[in-house]
Every structure is written in structure tokens, then in C-alpha cells.
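One structure is given below, encoded as C-alpha cells.
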Amino acid sequence: MAGTGVEKRLDWLRQIPLFQGLAQERLLGLAQISTERVFSKGETVFSQGRKAKGFFVLVDGRIKVFKVSLDGREQILHLFEGGEIIGEVPVFAGGSYPAHAEAISRSTLIYVPRDGFVRLIREDADLAMELLAVLSRRLRRFTALVEDLSLKEVPGRLAAYLIYLAERNGGDRIQLDMTKAQLAALLGTIPETLSRIFSKLSGAGLLAVDGRTLTLLDREGLQALAQGEKVF
Numbered sequence: 001m002a003g004t005g006v007e008k009r010l011d012w013l014r015q016i017p018l019f020q021g022l023a024q025e026r027l028l029g030l031a032q033i034s035t036e037r038v039f040s041k042g043e044t045v046f047s048q049g050r051k052a053k054g055f056f057v058l059v060d061g062r063i064k065v066f067k068v069s070l071d072g073r074e075q076i077l078h079l080f081e082g083g084e085i086i087g088e089v090p091v092f093a094g095g096s097y098p099a100h101a102e103a104i105s106r107s108t109l110i111y112v113p114r115d116g117f118v119r120l121i122r123e124d125a126d127l128a129m130e131l132l133a134v135l136s137r138r139l140r141r142f143t144a145l146v147e148d149l150s151l152k153e154v155p156g157r158l159a160a161y162l163i164y165l166a167e168r169n170g171g172d173r174i175q176l177d178m179t180k181a182q183l184a185a186l187l188g189t190i191p192e193t194l195s196r197i198f199s200k201l202s203g204a205g206l207l208a209v210d211g212r213t214l215t216l217l218d219r220e221g222l223q224a225l226a227q228g229e230k231v232f
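Residue 75 in full-length UniProt numbering sits at position 75 of the sequence shown; the count goes up by one each step and never skips.
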């Protein structure tokens, strides 16, 4: 094996859901064509409009993918965490990155060049199917985001996101690992509006707020709010 760098990337790649079904030979090939990249908090991973020559695997840290409106307002499309794939869609479409990506904490990523990965896909149909599954889940997530932003009021968006976090974490207690400004940008609002909604949710007995620790007190009530019902 060609050195500790390849060994380290191989170990990381084994832990990524997309690649867990790969044979050792394919996984080693992927580790050999990829490179490790470390980004500091606030550093740009890629910019909108830049030619997509490869994609990224997030090993640890957090990355936000976002767009900026003409008036300078930021809309976060997704917050990526360890184990997720970033920037893969334009790579296979042969285009440019459709949004910006920035590290919101110190982050370690594996960069996979397009040409080498395409060769691996041609040799392994299972990998191609796994990638299609990832893209399908990503499409459903963005469809839900568009629906939330266009059809739901801000309280409903927040309620839906809190339920999503609770289901992902497997409990009603959530440790919010982003700033209020980042959460507001994700939900398409401003921090002041978000603070008022948190106060209303707390006053209505739906949510307990203790700093960045949130406890869902009435999940059914939050679900009703997420579905557009007037709860308060």
C-alpha cells in the first residue's frame, strides 16, 4: 500500500455509508485517487459557478451549502455532517457547482476527482446503485425544503425542522449545534423573527429552551404546526 496517507483515507472511506458495500480492491482504488483536505472555520470549500472537477466526502466537521440573493441575503440549503457526500451532482452532470460551500467548523474532507470515480463506477454496478440512492435522498430533501419555503409559514418550518432533528437524534432532547443566524438562514427568515417564534413555542408549552438545548414537550402539537394548523 502506498504510504500512511492512503491507509488513513482507506480507513475513513470504510466508515462512509456510500462506500461500505465496496470490495476491498475498489475501496483501495478510491483511496489511491483521492486526497485529504482540511478547511478552517469560515473557509470556502467551493464557490457557485466554479467548474466541478470532483466531489467531497465529509469525514468530520460541518459544512454549509448556501446561495446568496441579489440583495446579499444568505439562504442555507443544507448543513452537512460527517459521513455525507458534498458536490456530487454537478460532477456527474458535467457542470459547475450550483451553490457555495463553506466550513462552519474545522472540517476534514476527502476530495475525489471526477475522472477516477467515473472509472470506478463503470467497474462496479453496486457503487452506481448506491450513488443513485444517495442522489434520490438528496432530491427528496431539497423537494421538502422548497415546499417548506414556499408553502409554510416560518413557525411551521421551524416545527418541521425540530421534528426532523429529534427523529434523527432518536429523542426529544436536541443539542442545537448552529448559531441562531445560521438556523434563521436555513429556515429563510431572520434571527429576530426566529427568537419571537421560539418564545411563542415555549409559551404554548410545545418546546423548552435552555440555551442551545431544546426539548420537544408536545411533538403532536409541533407536528400540527408543521402541517399548517394554527396552534398559537
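For glycine and all other residues, C-beta sits at the position ideal for the given N, C-alpha and C.
When burial is assigned at 16 or more other CB atoms within 10 Å of the CB, is residue i buried or exposed?
{"i": "proline 17", "result": "exposed"}
{"i": "lysine 64", "result": "buried"}
{"i": "glutamate 36", "result": "exposed"}
{"i": "alanine 31", "result": "buried"}
{"i": "alanine 144", "result": "exposed"}
{"i": "threonine 213", "result": "exposed"}
{"i": "valine 118", "result": "exposed"}
Sorted by chain position, which residues of the same chain lie with C-beta nearer than 7 Å to residue i's C-beta, five sequence neighbours on each side aside?
{"i": "tryptophan 12", "result": "Val59, Ile110"}
{"i": "alanine 181", "result": "Pro191"}
Hey, out of the options, whose CA is closest to residue i's CA?
{"i": "glycine 221", "options": "Arg212, Phe55, Leu207", "result": "Leu207"}
{"i": "aspartate 172", "options": "Ser202, Arg219, Arg141, Ala204", "result": "Arg219"}
{"i": "lysine 41", "options": "Ser34, Asp71, Ser105", "result": "Ser105"}
{"i": "phenylalanine 55", "options": "Asp126, Ala93, Met178, Val231", "result": "Ala93"}
{"i": "phenylalanine 66", "options": "Thr215, Leu216, Ala185", "result": "Ala185"}
{"i": "glycine 5", "options": "Gly116, Leu127, Ser34", "result": "Ser34"}
{"i": "leucine 162", "options": "Leu127, Phe198, Glu130", "result": "Phe198"}
{"i": "glycine 61", "options": "Leu165, Thr193, Met178", "result": "Met178"}
Let me check one thing: in DSSP terms, what residues is residue i bridge-paired to?
{"i": "glycine 54", "result": "Pro113"}
{"i": "glutamate 74", "result": "Val68"}
{"i": "residue 289", "result": "Summary: the structure shown does not reach residue 289, with the chain confined to residues 1 through 232, and so no result is reported for it."}
{"i": "leucine 79", "result": "Lys64"}
{"i": "serine 96", "result": "Lys51"}
{"i": "threonine 44", "result": "Glu102"}
{"i": "arginine 37", "result": "Leu109"}
Taking 6 Å as the limit between beta carbons, can you name the residues of its chain near residue i, skipping five residues before and five after?
{"i": "serine 47", "result": "His100"}
{"i": "serine 136", "result": "none"}
Sorted by chain position, which residues of the same chain lie with C-beta nearer than 8 Å to residue i's C-beta, five sequence neighbours on each side aside?
{"i": "glycine 3", "result": "Legend: pLDDT at glycine 3 = 47, less than 50; position of this residue unreliable, no value from coordinates given."}
{"i": "serine 96", "result": "Gln48, Gly49, Arg50, Lys51, Ala52, Pro90"}
{"i": "glutamate 43", "result": "Glu102, Ala103"}
{"i": "glutamine 223", "result": "Ala159, Ile163"}
What's the C-alpha gap between residue i and residue j?
{"i": "threonine 108", "j": "valine 38", "result": "5 Å"}
{"i": "leucine 158", "j": "lysine 51", "result": "34 Å"}
{"i": "glutamate 7", "j": "leucine 22", "result": "16 Å"}
{"i": "arginine 140", "j": "phenylalanine 80", "result": "15 Å"}
{"i": "residue 233", "j": "alanine 226", "result": "Examination of residue 233 is not possible in this model, given that the chain is present from 1 through 232 alone."}
{"i": "proline 113", "j": "glutamine 15", "result": "19 Å"}
{"i": "serine 202", "j": "valine 209", "result": "7 Å"}
{"i": "valine 154", "j": "arginine 196", "result": "11 Å"}
{"i": "valine 231", "j": "alanine 204", "result": "8 Å"}
{"i": "threonine 215", "j": "valine 68", "result": "32 Å"}
{"i": "isoleucine 85", "j": "glutamine 20", "result": "14 Å"}
{"i": "methionine 129", "j": "glutamate 74", "result": "34 Å"}
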